[in-house]
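Notes follow once the structure below has been shown.
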Amino acid sequence: MLDGAVRRRLDPLLDRLGVALVRRGVRADTITIVGLGLGLAAAGLIAYRFYLAGAVMILLSRLCDGLDGAVARASRRTDFGGFLDIVLDFAFYGAVPLAFIVADPSANGLAGAFLLFSFYVNGSSFLAYAIMAEKRAMTTSVRGAKSLYFTTGLAEATETIIVFLAFCLFPAWFPPLAAVFAVVCLYTAVSRIVLARLSFLEPR
């Protein structure tokens, strides 16, 4: 929901940084992998209850997630780059709730499992929609130039990052925050299913 507004403000700065990195020979795939490494480091810190340090690493990881696209736009976009980006993004999104479960299984286990379930359903709806959209040669630029079809929703990357940071700032609130965000993610998946019915019911 917030991704569009955030991108309009951040993309010009990221694009300038992307051009500078390309001039230094930095590749988009390298930044994508570094971003995952930072995200996994954040998860490790959270698992050991270093929550504020984990929050910093989350921000650095997501900076890389924005920079890899900027570098790709300034050099050459590839289907593999788009594939790697989405797979490693999902790995990051799964690692952070898992880290909170590890940090306090008795308090966070049920809510964390519910959140991971909602991520699984929401991610599946996102990718399945993208596959069907590709079969119908559908295109969209609502979230900028992407390697696959992006459908918008109530729970997008910006909302997820905000919630992850809230987890780190208020770790005792993880169970209610995770449960509420899980419901938001499931609502997003249901709304995408409704959109798919409207878009894909007729034969190609």
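Following the working numbering, the numbering of the sequence shown begins with 101 at its first residue and continues without gaps.
Glycine included, C-beta positions come from ideal geometry on N, C-alpha and C.
- In summary, Asp168 is buried, with 16 or more beta-carbon neighbours lying within 10 Å of its beta-carbon over all protein chains present.
- Under the criterion of beta carbons closer than 8 Å, Arg149 and Ala211 do not qualify as touching, at roughly 17 Å.
- Note that the C-beta distance between Gly182 and Leu110 is not below 8 Å.
- Within a 10 Å sphere around the beta-carbon of Ser225 sit 16 or more other beta-carbons, which makes this residue buried.
- Exposed is the label assigned to Ala191, since fewer than 16 other Cβ atoms lie within 10 Å of its Cβ.
- For the pair Leu188 and Thr132, the CB atoms are nearer than the 8 Å cut-off.
- About 13 Å separates the Cβ atoms of Ala282 and Phe200, ruling out a contact at the 8 Å cut-off.
- When secondary structure is reduced to three states using DSSP, Phe270 falls in the coil class, being assigned neither helix nor strand.
- In this structure, DSSP gives Arg177 a state outside helix and strand, which the three-state scheme calls coil.
- About 4 Å separates the Cβ atoms of Ser161 and Leu138, confirming a contact at the 8 Å cut-off.
- Burial is judged here by how many other beta carbons sit within 10 angstroms of a residue's own beta carbon; Asp179 has fewer than 16 and is exposed.
- Of all alpha-carbon atoms in Ala228, Val122 and Val280, the one lying nearest the alpha-carbon of Leu216 is that of Val280.
- Here the alpha carbons of Ala233 and Phe267 stand approximately 34 Å from one another.
- Taking the Cα of Gly209 as reference, the smallest distance to any Cα among Arg297, Ala278 and Ala143 is reached at Ala278.
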